[in-house]
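Q: One structure, pasted below without further comment.
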Amino acid sequence: FGHVIMCKSLTGEKVAVKVQDRPEERYHQDFKIEIDILCTITARPEKPDSIVRMLEHFEHSGRWCIAFECLGPSLYEFQRQHQYRPYPLSNVREISFQVF
1 FGHVIMCKSL TGEKVAVKVQ DRPEERYHQD FKIEIDILCT ITARPEKPDS
51 IVRMLEHFEH SGRWCIAFEC LGPSLYEFQR QHQYRPYPLS NVREISFQVF
């Protein structure tokens, strides 16, 4: 449960930062579980190519944040750029292939 925003790191690299939507403790726990899973995956010597790479995580103003490598626009941004028209079949295939 978070918003993803595109940012620049201190080194100038584009990153996608997922910011926790709600500051309540129960959502902190969900975010911490997600961070633990991503840390476990990141620590593995054989990192799967099909999983986005977590760069770092931190807490800011009482909300957890997770920085990921930036792979491109979000699905929402893609849809907004195309005036909310239905996705062309070629895009649906590409997105489905990436998800599965």
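The sequence shown begins at 1 in the working numbering and counts up one residue at a time.
We treat Cβ as the ideally placed atom computed from N, Cα and C, and that holds for glycine.
This structure is a prediction, so every number in the text was calculated from the model and none was measured.
Relative to the alpha-carbon of V17, which residue among H60, D30 and N91 has its alpha-carbon at the smallest distance?
A: Locating residue 17 in the sequence shown gives position 17, counting from the first residue. Checking every option, the nearest Cα to that of V17 belongs to H60.
Q: Measure the alpha-carbon distance for E46 versus I37 and round it to whole angstroms.
A: Within the sequence shown, numbered from 1, the residue matching residue 46 stands at position 46. Within the sequence shown, numbered from 1, the residue matching residue 37 stands at position 37. The straight-line gap from Cα to Cα measures roughly 15 Å.
Q: Taking the Cβ atom as the reference point for each residue, do H57 and C65 lie within a distance shorter than 8 Å?
A: For the purposes of this step, residue 57 is taken as the residue at position 57 of the sequence shown. For the purposes of this step, residue 65 is taken as the residue at position 65 of the sequence shown. Yes, they are a contact pair.
Q: Which ranges does the beta strand (DSSP E) cover as unbroken runs of at least 3 residues, wholly within the segment 49-97, from first to last along the chain?
A: 54-60 and 63-69
Q: What's the gap between the Cα of S50 and the Cα of F68?
A: Taking the sequence shown and counting its residues from 1, one reaches residue 50 at position 50. Taking the sequence shown and counting its residues from 1, one reaches residue 68 at position 68. Near 14 Å, if we compare the C-alpha coordinates of F68 and S50.
Q: Between the C-alpha atoms of M76 and I95, what's the straight-line distance to the nearest angstrom?
A: The sequence position of residue 76 within the sequence shown is 76, counting from 1. The sequence position of residue 95 within the sequence shown is 95, counting from 1. Inspection of the sequence shows that residue 76 is occupied by Tyr rather than by Met. Straight-line Cα distance between these residues: approximately 13 Å.
Q: So the candidates are M54, K14 and S74; which of them puts its Cα closest to the Cα of I35?
A: Stepping through the sequence shown from its first residue, residue 35 is reached at position 35. Nearest of M54, K14 and S74 to I35, Cα basis: M54.
Q: Determine the burial state of Q20: buried for a count of at least 16 other Cβ atoms within 10 Å of its Cβ, exposed for fewer.
A: If you number the sequence shown from 1, residue 20 lands on position 20. Its Cβ being crowded by 16 or more others within 10 Å, Q20 is buried.
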